[in-house]
Each structure stands twice: as structure tokens, then as C-alpha cells.
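Heads up: the structure comes next, in C-alpha cells.
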Amino acid sequence: MKSLIKILAIAVILVSVSCKKDTAPNYQFMPNMYESVGYETYGEAAFPNGIEAQVPAEGSIPRGFVPFDIENSTAGYDLAKATLKSPLAPAIPLTADISEEERNANEYRVDYEKAGPLYTIYCAICHGVKGDGKGKLVQREKILGIPSYADAGRAINEGSIYHTIYYGKNAMGSYANQLNEEERWQVVAYVLKLKADLEK
Amino acid sequence: MKKSYQNLEVNLTNNMRKVIHRKLSTNFLRLSLVVLLAFTSALSAQEGDPAKGKSLFNANCAACHKLDKKMTGPALRNVEARLAEEEGLDRDWLYAWIRNSAGVIKSGDAYANKIYNEYGGAAMTAFPQLSDEDISNILAYTAAEPPAPPASVPGTEVASQSNASGGISNELILGALAILFILLAAGLYLVNKTLRRFATAQGLDLPESSGRTPLWKTFVQNQFLMIVVSIFFLLASAYFIYGYLSQIGVDQGYQPVQPIHYSHKIHAGDNGIDCKYCHSSARVSKHSGIPSLNVCMNCHKSIYEVAPETATEEYSKEFYDGEIKKLYEAVGWDDAEQKYTGETKPVKWVRIHNLPDFAYFNHSQHVTVAGVECQTCHGPVEEMEVMYQHAPLTMGWCINCHRETKVDVKGNAYYEKIHEELSKKYGVDELTAAQMGGLECGKCHY
Ligand code: HEC
Ligand code: HEC
Ligand code: HEC
Ligand code: HEC
Ligand code: HEC
Ligand code: HEC
Ligand code: HEC
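Read top to bottom, the protein sequences are chains B and G. Counting from 15, one number per residue, gives the positions in the first sequence under the working numbering. Counting from 764, one number per residue, gives the positions in the second sequence under the working numbering.
Written as C-alpha cells, this is what we have:
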């Protein structure tokens, strides 16, 4: 009888040890300096809606902000297509015979080395690495009807691409908050390069 | 268990049979349709090929139109018949509209203007490249019978049921085994007892434990053994206590239940979405951040349900679809009307990785500057159905990596000079993060 009790006790201990819960955080020892006194990013806070991530006060302007005053509508899209031009200087071909300094002189220059990875992260999943509208999501038939950049009926140009990235278009969402202004123009240049390659 | 599998088989064959019947009947229908068309003079236009139409539709129209659901544009199931019946528009109108809808609107066509205004002035792309035949093919596709979904659903349902019952029966078996074990033990005990009773009743002498000292007594009396054993015991318990104490405050393996069952396996694994698509601030800032819900809606405006083959044994299609509904509720997206209601409910994601306040960690330094893959620190994220903490995030872990990882100085003008001087100082070709100052307390503690 006694051994039975012993066995039971061991079993209970084993079971309670093996049931360490992963859905709750571990204990902390003297956590005084663990938790932030200030609000933590994405934490809760004593604002009316209870969250730390507040919308900036109305009218505030981020550093380096340049207003984009073409509106989000079909008319705005047409206006952008007709008038909007890229502020970036054109890329210097890698083969061009100029010094390193000259090459780096203009900070705001199209740089396909920079634009390529950005395009791959944000656009290739739908539009495909070649821009032919056959990204991975299309191949897996999750999202359909992604146009090729070389689509004649669309005849995209730099203004219309920028407008599309900034506001989105129909089923495509806006990428203005994932890409800053310079990055958006870099991606525009990259899309135009893909379009030219497709039309070749 | 077995029974449910049999069920499954029976069901599958049934479905198969059903499908064949349906195919026959649709073929028959199509045939009669063709015959009918051949006889009617009013609909003399050529009948298209729905299969070709489907690929054309998917490539050109599916961005804005679904067959049975309003999207950017109206649902297109049976448009031709619908427009002919309700508006008296023929196929020529459709040709004109699809090739250049803006032109039709400008020409003052009453219905064109009506529908244009109904869709808030959203412009349909012009498709001058589509031939009459292409458009007939598309229209044939839109006029095709909807594929009957029930054909595949019972199979998956049975599958998920059998799995659910599999889970239950596993537990049942375990329980039954446990009970059996207890019964066996009790039985043995009882048998032993009755046998003994028999023996005493028969007057048999049971061999009582003899006068020899039992093993444990000799053991206790041997002092050397006792000392060795107690030292061993103390060391072992110290080891375990040390182990226990040093895991306090370490959340390795922490896997909370999130308010929306968002699966990294489906997004980053199966569909190959780049980590930085969602965690875009990892490129440029201290925090990697959790994407705001409008990023989700870039895709989920179009993806309102998961494909049947996405469902797994553990999670059914209904479950996943329900989770996408939760996302819609949180952003305030009305899927039927295809617009935002403006009532949003922020999602309270439970934070998993969290360094104590006195330690400073910066993502852009590691992701953009050092070029370390997310997976080095966060583990096989693309295989995680539910996110958990892979690394211990202790100081030793950070320091170890700084000692071992070489700094990526290539193409980084900022490092050129520093690198030259430091590698002269340490006499090495490639610097580790530690040699660049990655062990200084002040870099991580402020
Ligand atoms: C979630 C999938 C998705 C992603 C990611 C995506 N797009 Fe699109 N894109 C679409 C869809 C759908 C359309 C078709 C929109 C329409 O209905 O006109 C489109 C259309 C376009 C067009 C043509 C618009 C026109 O003028 O007709 C351009 C240009 C474009 N996208 C650029 C981009 C760029 C640049 C990125 C990356 C920053 C990107 N897209 C990322 C889905 C996507
Ligand atoms: C850029 C998005 C877009 C694409 C791509 C598109 N459509 Fe449309 N379509 C619309 C919109 C929006 C309307 C509603 C009228 C309007 O606002 O111009 C519409 C209306 C229609 C109508 C009239 C429907 C009705 O009920 O009156 C037909 C037919 C049609 N589209 C067919 C097509 C076909 C066929 C294709 C592919 C070759 C296509 N559309 C591609 C956006 C699109
Ligand atoms: C489609 C958007 C999306 C993509 C792509 C994505 N994530 Fe996430 N990630 C999320 C969301 C939403 C959460 C919060 C919910 C959760 O923890 O499961 C999250 C949480 C995390 C967390 C835990 C955050 C915490 O609370 O500590 C880590 C780590 C993470 N992701 C890493 C990755 C990595 C690495 C990849 C690429 C392999 C990746 N993510 C791709 C959306 C995404
Ligand atoms: C780049 C496109 C994309 C983005 C961005 C995206 N999803 Fe998804 N989502 C998908 C795809 C593709 C599926 C799988 C559909 C299928 O298998 O048929 C999916 C499935 C789902 C599901 C059901 C399966 C599961 O994971 O439980 C949920 C819930 C979901 N997404 C939530 C989210 C949330 C929340 C976000 C934002 C953090 C998000 N998605 C962002 C493409 C995306
Ligand atoms: C060198 C290791 C390391 C790498 C590489 C790394 N992370 Fe982290 N990650 C951490 C640590 C440490 C934390 C906890 C940070 C804190 O609490 O301040 C964290 C936190 C997070 C969080 C939670 C929210 C936040 O920002 O605090 C997310 C999401 C995340 N990482 C995603 C990613 C993604 C996506 C990548 C790849 C682009 C990545 N991480 C690369 C170590 C790393
Ligand atoms: C996967 C390896 C790895 C891990 C894990 C890692 N680091 Fe690093 N860390 C690096 C590398 C490589 C660099 C050098 C980056 C560079 O080129 O400047 C670095 C640089 C740093 C720097 C800047 C050092 C300087 O000289 O300015 C800080 C601060 C830092 N890490 C903090 C942390 C903290 C805190 C942790 C643990 C939570 C951690 N790191 C975990 C690889 C790692
Ligand atoms: C690479 C970054 C890094 C460097 C360099 C570093 N630490 Fe740490 N340290 C950490 C992290 C991260 C933690 C939090 C570990 C945890 O939560 O388990 C920590 C925790 C500690 C703790 C424990 C505090 C507590 O309450 O648990 C002490 C003490 C400490 N560090 C002292 C130092 C000293 C002294 C130095 C300089 C010799 C130093 N650290 C250098 C990253 C670093």
C-alpha cells in the first residue's frame, strides 16, 4: 500500500512538472526595472481610446514631407498621368565612364540596386518579379486579375504609377505608409524599367 | 477510427459518382443549348469557349469583377442575359463597352451613365486588344453554370469530423488504458490478499521476512556510501535549482493565444510573403512593429475566404474563414457592400518578444546594417502556425552572437575607415561585432 502512495506521489509531481504552460509568460524576479515607466511602443496607454499608437495631431507634418496635392479620384489619377514627373535624376548606367565621386554626387538619383529589393518585398508577391502580373499569389490563384505592366489598355507612365502607389487603385491598396517618398519614386523607376523589358 | 475512414471512402466514391452524373448532365445541357442556339436566329453570334474565357477573365477582369460577388465592378454571372432582359442591350453594346467603356459613357448612352454613377465614377479599364472572339469566350464563361460546391464539401467535412473524432478517441484510449492499469493493479493486490488468506486458512507457514538485515539497513549503516550519496544528492539538487532559477524571466517558447488566429505558416511560408511586407519598419527603425490592419486589407479585400485545400486536420476552412471575418470586423469592412463602415475595433495582439526596459535592441541595426536574417533570431517563422518565442533573448545569447558574427562592411562607406583601423589594431581580416564594441555595456544598457 505504501509503495502505491509513493508511486502516486511521483506521478503527480511528474504530471505537474510536465504541464508547464506556454500560453502564459514566465515568472520574473524583481521586475521593477523590467517594465517601462514610459509608454511602450504599441502598448496600452491612458488616452481616450486606450492605445499608445496615436494619430499625430491634425496638421502635423513629418520631417522631409513634401505635400502631394493630387487627390484620390479618377480625375486625380488622370491629372497625375498627364502632369506628374519624377524628381529623381536618371540612373547612370554601370558602364558609364565617370569617377566614383561623380557617380555619388547626386543623392536623389534612380538607383536600381536600391529599388530592386523594395520592389521584390512589396510588389513582386502580386505583380511578379518580372512585372508580368504573375506573382506567387496569382500562380496560387489567391488573387486574380493582376495586370502586366506592359498592358496596352492601361498605358501606365511615371505619374500614374506614383498615383497608384500613393493611393492604390480599385483592388490594389496604398503603399504610401510602407514606402517613403524617395522610395516610392525609386520603385516607380524600377516599374518603368520592368515595363521596358517586357515590351522588348 | 476505422469506421470513420470507411465512411470517408464511401463518401468519396459517392461524390465521384455524383460528379460524373453532373458532368453528364451539364454536357447534355450544353449540347441542348448549342442545338437551341443553332435554331434561334436572334442569337446568331458565335458561342464562345468557356475554358478560354476563364483564363481571359482571370487575366483581365478578375481584378474588378467576380462572378457572384460585387467587387470594384458588378457581379458578372450571366451579364449578357441579364442586360438583354432588363435593359434590352445586345452583344454589340457589350463589345463596345468592354473595348472602351469611357467612350460609351461619353456617347451619352443612358444605361452606361447610370451604372457608371452607381459605381461612384469608378472607371473600367479599356480593353481594345480583345477580339470579338475573346469577348464571346469571356461571356460564355460568365454564362457557364456555377460549379456546384457541395460536391467537394461533404468530403472535407467528413475528413475534419473523422479527425476530430480521432483526437477524442486518442484521449479515450489513453483514459481506458489508465483505468485498465488501475484495475489490473487492484486485481493483483486482491489476488495476493486472497491467496494469503487461503494460505493461512490452510495452515501453511508463509515464509516471514527472515532475520537477515534488509538491504536498506545495510545501506544506511555503511557511512561511506551515505556520504557519497548525499553529496551526489546535494549536487544534483543544486544543479536543478540553478537550472530552475536561471530560467526565471526567460520566456523561450512563450506562445500566447492571439485575438485573431493569424498564421505565419500560411502567409510567410506557403504564400511566400516577405517578412518586411508586413513588418516594414524593421528596415528603418528600432521596432519591427505589427502591421496595421490596412496592410492586411491590401490582400484581404480580394481574399475573403481560404481555399478548401488550405484547411488542415487541426483547423477547418470554416475556422479560417471565421478568422478573416474577425479581421473585417476589426477594420470595419463590409464585405457585401465592398466598403468601409468606419467602425473600427483595434486588435489587441499579445506581445511575445519583449526585452526588459533596461536593454536596448534595434532592428534596423541588425536587419539593414548587419544583414542578419529574421530567422536567425526568430527561428523558423515560416513554419509557425502559431507564433512563439524561439530564442531565449538573454544577455548571453546577444553576447554570443556578437562574438561570433562577422561585421558586413562591404559597400558601407561608413565602416571603411573604422574597419581599416580596427583590423590593424586586432590584427585580423574580418571584425566581429564584439571587436567593434558590441560588448560594451553602454551599447545595450542605458
Ligand atoms: C495585393 C496585390 C498587389 C500588390 C502587392 C501590388 N499591386 Fe499593383 N495592382 C494590383 C491590382 C489588383 C491591380 C489592378 C488594379 C485595377 O483594378 O486597375 C494593380 C495595378 C497596378 C498598376 C496599374 C495601375 C493602372 O494605372 O492601371 C500599377 C502601376 C501597379 N499596380 C504598381 C504596383 C506597385 C509599384 C506595387 C508595389 C509597391 C504594387 N503594384 C503592388 C495588385 C497589387
Ligand atoms: C479597373 C477595373 C475593371 C476591370 C479590369 C474590368 N471592369 Fe468591367 N466594370 C468595372 C466597373 C467599375 C464597372 C461599373 C461601371 C463603371 O463604373 O464604369 C464595370 C462594368 C462592367 C460591365 C457592365 C455590367 C453591368 O451589370 O452593367 C460589364 C459587362 C463589364 N464591366 C465587363 C468587363 C469585362 C468582360 C472585363 C474584362 C475584359 C472587365 N469588365 C474588366 C470595372 C472593371
Ligand atoms: C501578412 C503579414 C505578415 C507577414 C508577411 C509576416 N508577419 Fe510576422 N506578424 C504579423 C502579425 C499580424 C503578427 C502579430 C500576431 C502574432 O504574433 O501572431 C506578427 C508577429 C510576429 C512576431 C512576434 C511579435 C511579438 O509580439 O513578439 C515575429 C517575431 C514575427 N511576426 C516575425 C516575422 C517574420 C520573421 C516573418 C517572415 C518570415 C514575418 N513575421 C512575416 C504579420 C506578418
Ligand atoms: C500579401 C497578401 C496578404 C496580406 C498582406 C495578408 N494576408 Fe492574410 N491571407 C493571404 C492569403 C494568400 C491567405 C490564404 C488564402 C488561401 O489559402 O486560400 C490568407 C489567409 C488569412 C487568414 C486565414 C488563415 C489564417 O492565417 O488563419 C487570416 C485569418 C488572415 N489571412 C489574416 C490576415 C491578417 C490579420 C493580415 C494583416 C496582418 C493579413 N492576413 C495580411 C494573403 C495576405
Ligand atoms: C539580431 C536578432 C534579431 C533579428 C535579426 C530580428 N529580430 Fe525581431 N526581435 C528581436 C528582439 C531581441 C526583439 C525584442 C525587442 C524588444 O523587446 O525591444 C524582437 C522583436 C520583434 C518583434 C516584436 C515587436 C517589436 O518590434 O518589438 C517583431 C514583430 C519582430 N521582432 C520581427 C522581426 C522581423 C520581421 C525581422 C526580420 C526583418 C526581425 N525581427 C529580425 C531580435 C531580432
Ligand atoms: C544573429 C546575431 C546577433 C544577435 C543574436 C544579436 N546581435 Fe546585436 N549585432 C549583431 C551584429 C552583426 C552587429 C553589428 C552591426 C553593424 O554592422 O553595425 C550588432 C550590433 C549591435 C549593436 C550596435 C553595436 C555598436 O557597435 O554600435 C547593439 C546595441 C546590439 N547589436 C544589441 C543587441 C542586443 C541587445 C541583442 C540581444 C537582444 C543582440 N544585439 C543580439 C549581431 C547580433
Ligand atoms: C549585446 C547587448 C548587451 C551588452 C553589451 C551587455 N548587456 Fe547586459 N543585458 C542585455 C540584455 C538583452 C539583458 C536582459 C536579459 C534578460 O532579460 O534575461 C541584460 C541583462 C543584464 C543584467 C541583468 C539585470 C536583471 O535584472 O536581470 C545585468 C546585471 C547586466 N545585463 C549587466 C551588464 C554589464 C555589466 C555589461 C557590460 C559588461 C552588459 N550587461 C553588457 C544585453 C547586453
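Glycine residues also receive a C-beta, built at the ideal position from the N, C-alpha and C atoms. Since the structure is predicted, the reported quantities are computational estimates derived from the model, not experimental observations.
- Here the residues close to ligand 6, judged by CB distance below 5 Å to any of its heavy atoms, are G:Phe1124, G:Val1132, G:Ala1133, G:Val1135, G:Thr1139, G:Cys1161, G:Cys1164, G:Thr1168, G:Val1170, G:Ala1196, G:Met1199, G:Gly1200, G:Gly1201, G:Lys1206, G:Cys1207 in chain order.
- Following the DSSP letters along the chain, one finds His1165 (chain G) inside the alpha helix (DSSP H) bounded by residues 1158-1167.
- Beta-bridge analysis with DSSP links Glu849 (chain G) to no other residue.
- Rounded to whole angstroms, the separation of the alpha carbons of Ala38 (chain B) and Asn955 (chain G) is 47 Å.
- Placement of the Cβ of Leu1118 (chain G) at a distance of less than 7 Å from at least one heavy atom of ligand 5 is found.
- Residue environment: Asp1014 (chain G) is assigned as buried (16 or more neighbouring CB atoms within 10 Å of its CB, all protein chains considered).
- Rounded to the nearest angstrom, the gap between the Cα atoms of Glu85 (chain B) and Ala96 (chain B) is 14 Å.
- Placement of the Cβ of Lys214 (chain B) at a distance of 7 Å or more from every heavy atom of ligand 1 is found.
- In the three-state reduction of the DSSP assignment, Trp1112 (chain G) falls in the coil class, being assigned neither a helical nor a strand state.
- A direct Cα-to-Cα measurement between Glu1106 (chain G) and Val1094 (chain G) gives close to 7 Å.
- Listed along chain G, the residues sitting closer than 9 Å to Ile139 (chain B) by beta-carbon distance are Asn1034, Gly1035, Ile1036, Asp1037, Tyr1040, Cys1062.
- Taking non-hydrogen atoms of ligand 1 into account, the C-beta of Gly1006 (chain G) is found less than 7 Å away from none of them.
- With a threshold of 8 Å between beta carbons, Ser894 (chain G) makes no contact with chain B.
- At a cut-off of 8 Å between C-beta atoms, Thr178 (chain B) does not count as an interface residue with respect to chain G.
- Chain order gives the chain G residues near Thr88 (chain B) as Gly884, Ala885, Ala886, where near means a beta carbon separation below 9 Å.
- The residue among B:Gly145, B:Gln68, B:Gly142, B:Tyr176 with its C-alpha nearest the C-alpha of Gln200 (chain B) is B:Tyr176.
- Around the beta carbon of Cys1204 (chain G), a 10 Å sphere encloses fewer than 16 other beta carbons of the protein chains shown; the residue is thus reported as exposed.
- Excluding residues up to 5 positions away in sequence, Glu1086, Lys1089, Leu1090, Val1110 lie with their Cβ nearer than 7 Å to the Cβ of Ile1023 (chain G) in the same chain.
- Boundaries of the alpha helix (DSSP H) around Arg862 (chain G): 854-862.
- Where Glu1076 (chain G) is concerned, there is no enclosing alpha helix (DSSP H), because DSSP gives it neither an H nor an E.
- Between the beta-carbon of Ala1031 (chain G) and that of Glu1145 (chain G) there is about 4 Å, and that keeps the pair under the 8 Å contact cut.
- Burial state of Ala210 (chain B) is exposed, judged by a 10 Å Cβ sphere holding fewer than 16 other Cβ atoms.
- With respect to Asp36 (chain B), Tyr1005 (chain G) sits apart: the two C-beta atoms are not nearer than 8 Å.
- Taking C-alpha positions only, Tyr181 (chain B) is separated from Ala190 (chain B) by approximately 7 Å.
- Under DSSP, no beta-bridge partner is assigned to Lys214 (chain B).
- In this structure, Ser993 (chain G) has its CB at a distance of at least 7 Å from all heavy atoms of ligand 5.
- Identification of chain G residues near Lys156 (chain B) by a Cβ-Cβ cut-off of 7 Å yields Asn1034, Ile1066, ordered along the chain.
- The DSSP-derived three-state label of Asp1097 (chain G) is strand.
- Residue environment for Ala962 (chain G): exposed (fewer than 16 other C-beta atoms within 10 angstroms of its C-beta).
- In this structure, the C-beta of Val1130 (chain G) approaches ligand 5 to less than 7 Å from one of its heavy atoms.
- In this structure, DSSP gives Ala169 (chain B) a state outside helix and strand, which the three-state scheme calls coil.
- Residue side-chain check: Gly836 (chain G) places its Cβ nearer than 7 Å to a non-hydrogen atom of ligand 2.
- One alpha carbon belongs to Tyr874 (chain G), the other to Ser1055 (chain G), and they sit about 40 Å apart.
- In the DSSP assignment, Ala1122 (chain G) is bridged to G:His1208.
- With fewer than 16 other Cβ atoms from the protein chains shown falling within 10 Å of its own Cβ, Ala844 (chain G) counts as exposed.
- Here the C-alpha atom of Tyr1209 (chain G) lies approximately 13 Å from the C-alpha atom of Tyr48 (chain B).
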